[in-house]
Amino acid sequence: MPRDDSQPRFPAVPSDHWDGRRFFNPHADTDKSPRELWRLYKARGPRWTPPDPEPPRPFRAVTPARGEVAVTFIGQATFLIQIGGAAFLTDPVYSDHAGPFGRLGPKRVRPPAVRMEDLPAIDAVLLSHNHYDHLDAPTLRDLARRRGVPQVMTGLGNGPMMRRAGFDAVHELDWWDSLPGPHGTRITFVPAQHWSARTPFDRRRTLWGGFVVETPEAAVYFAGDSGYCPHFREIGRRFGAIDVALLPIGAYEPRWFMAAQHMNPADAVRAHRDLGARHSVAMHFGTFQLTAEGIDAPIRALHHALAEQAVDSSHFAIPGFGEPMRFRRPSA
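Number 15 in numbering that gives the first Met the number 0 belongs to position 16 of the sequence shown; there are no gaps in the numbering.
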């Protein structure tokens, strides 16, 4: 695919999430007024105390057997997904800060759990949206130019930035678009209830979403960022057999501000049930302090929500940082 910095691709006609100028959420409004933003700024929660530093551990990616899925939590929304012989990296952020140039914005309290040089060969990057804790330009440049990652899948409008990062094969997708992926996988970009912006002037100019990666034997869903909404039930209905769902549980307080755009742990358990997922894995916690809850609050609240909603905790895992987890679909 030739590189260029042409205009991003957008839907040809207005749709249920595109008005001809900006994308929007069909089920909720995530825009906030200046007064609400000021109220949020004043409502600061406890400052996170970073965990005790752990000595770096060597990482060896597992080699999943046929029909098996392996996921490794690197931090925030960055996962190594190994499925069907392919390796994907989701929303890769290796910078010290979630902000412009990787030097501004919230500072990470945990280093990436897997060093970039220890990653296996990556077949594709899956990029959910353009917020700084999900789209880190320095990391993407490193992956494209030094690591030679061949391609990136992302939402509509993000193409020019991905090409500037150095990716030659850039696939911009609308909700429900599918395309063949590496090693016989199939990639579908699915809806999320969120928003996008890199500056004060580009709000909702690019599309946000999640991904379903399928093989004949397994399916993994990466939610990106989302508030709780009807999309989860629709994704479960369309795909039927989600073996592993990677669901966000953090950055949810205060609820009057965050509910439309970020699930809390109780919402995440509801999403797990709506999807009909065999297993879910928590993410979007313990890495960057973005909101007012404490560093350990999402984990405690998830345990409570699982008990309250009568979901077996063995079906919704809290991953260890840097520890590969394997999943296999039960035999018929």
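Ideal placement from N, C-alpha and C gives every residue a C-beta, glycine not left out.
Predicted, not measured: the structure shown is a model, and the values here were computed from it.
Where residue i falls, given that 16 or more other Cβ within 10 Å makes a residue buried
i: arginine 46; result: exposed
i: serine 32; result: exposed
i: glycine 44; result: exposed
i: proline 264; result: buried
i: threonine 62; result: exposed
i: threonine 198; result: exposed
i: valine 219; result: buried
i: alanine 306; result: exposed
i: glutamate 53; result: exposed
i: leucine 246; result: buried
i: aspartate 266; result: buried
i: histidine 261; result: buried
i: valine 12; result: exposed
i: proline 297; result: buried
i: glutamine 308; result: exposed
i: phenylalanine 326; result: buried
i: tryptophan 37; result: exposed
i: leucine 126; result: buried
i: aspartate 201; result: exposed
i: histidine 303; result: exposed
i: alanine 331; result: Residue placement at alanine 331 is poorly supported in this model, since its pLDDT is 47, which falls under 50; the coordinates still yield a value, given next. Classification for alanine 331: exposed.
i: arginine 2; result: The predicted position of arginine 2 is uncertain, since its pLDDT is 41 and thus under 50; no value can be drawn from it.
Nearest to residue i (by Cα), restricted to the options the options
i: valine 243; options: Glu213, Ala250, Pro253, His261; result: Glu213
i: arginine 301; options: Gly285, Ala281, Asp224; result: Residue identity check: residue 301 is leucine in the sequence provided, not arginine. Per the Cα distances, Ala281.
i: asparagine 24; options: Gly158, Gly101, Arg185, Arg204; result: Arg204
i: proline 257; options: Pro10, Tyr40, Ala11; result: Proline is not the amino acid found at residue 257; the sequence shown has methionine there. When only C-alpha atoms are compared, the closest one is Tyr40.
i: glutamine 81; options: Gly101, Gly249, Ala120, Pro54; result: Ala120
i: glycine 165; options: Gly147, Ser177, Ala60; result: Gly147
i: proline 190; options: Val12, Trp17, Arg8; result: Trp17
i: phenylalanine 100; options: Tyr131, Val124, Thr77, Asp122; result: Tyr131
i: leucine 289; options: Trp255, Ala250, Arg299; result: Ala250
i: valine 113; options: Ala136, Ala143, Ala60, Gly98; result: Ala60
i: histidine 193; options: Ala259, Phe78, Ala168, Phe231; result: Ala259
i: aspartate 176; options: Ala27, Arg232, Ile186; result: Ile186
i: proline 229; options: Ile294, Ile241, Arg269; result: Arg269
i: leucine 103; options: His128, Arg34, Pro137; result: Pro137
i: methionine 115; options: Pro57, Arg272, Ser225; result: Pro57
Endpoints, the alpha helix (DSSP H) within which residue i is located
i: threonine 138; result: 136 to 140
i: alanine 270; result: 264 to 274
i: proline 159; result: 158 to 164
i: alanine 304; result: 296 to 307
i: glycine 235; result: 230 to 238
Local conformation of residue i per DSSP, three classes
i: alanine 222; result: coil
i: alanine 316; result: strand
i: glycine 84; result: coil
i: glutamate 35; result: helix
i: leucine 178; result: strand
i: tryptophan 255; result: helix
i: glutamate 322; result: coil
i: alanine 64; result: coil
i: phenylalanine 58; result: coil
i: alanine 76; result: coil
i: phenylalanine 200; result: coil
i: phenylalanine 210; result: strand
i: phenylalanine 362; result: Given a span of 0 to 331 for the chain in the structure shown, any question on residue 362 remains unanswerable.
i: glycine 98; result: coil
i: alanine 27; result: coil
i: arginine 327; result: strand
i: alanine 123; result: strand
i: aspartate 3; result: Any answer about aspartate 3 is weak, because its pLDDT of 43 lies below 50 and its placement is not dependable; what the coordinates show is given next. It is coil, neither helix nor strand.
i: alanine 42; result: coil
i: alanine 217; result: coil
i: alanine 143; result: helix
i: serine 279; result: strand
i: valine 169; result: strand
First and last residue of the uninterrupted beta strand (DSSP E) at residue i
i: alanine 112; result: That residue, alanine 112, is in no beta strand (DSSP E); it is neither H nor E in DSSP.
i: glutamate 185; result: One point to set straight first is that residue 185 is arginine, not glutamate, in the sequence displayed. From DSSP, the beta strand (DSSP E) with arginine 185 extends over 185 to 189.
i: serine 14; result: It is not in any beta strand (DSSP E) - serine 14 carries neither H nor E in the DSSP assignment.
i: glycine 154; result: 150 to 154
i: proline 247; result: 243 to 247
i: alanine 250; result: Unbroken run through alanine 250: none, as it is neither H nor E.
Any C-beta of chain B under 8 Å from that of residue i
i: glycine 235; result: Structure shown: chain B not included; a single protein chain is present.
Answer yes if the segment 46 to 61 comes into contact with the segment 105 to 121, meaning at least three C-beta pairs across the two stretches below 8 Å, and no otherwise. yes
Any chance the segment 229 to 246 sits against the segment 136 to 153, with 3 or more Cβ pairs inside 8 Å? no
Are the segment 92 to 106 and the segment 153 to 173 touching, with three or more C-beta to C-beta distances below 8 Å? no
Assess contact between the segment 81 to 89 and the segment 179 to 199, defined as three or more Cβ pairs (one per stretch) separated by less than 8 Å. Is contact present? Note that the segment 81 to 89 touches the segment 179 to 199; at least 3 beta-carbon pairs, one per stretch, sit closer than 8 Å.
The segment 275 to 290 in contact with the segment 193 to 212 per 3-pair CB rule at 8 Å: no
Would the segment 304 to 320 count as touching the segment 70 to 78 if we require 3 or more Cβ pairs under 8 Å? yes
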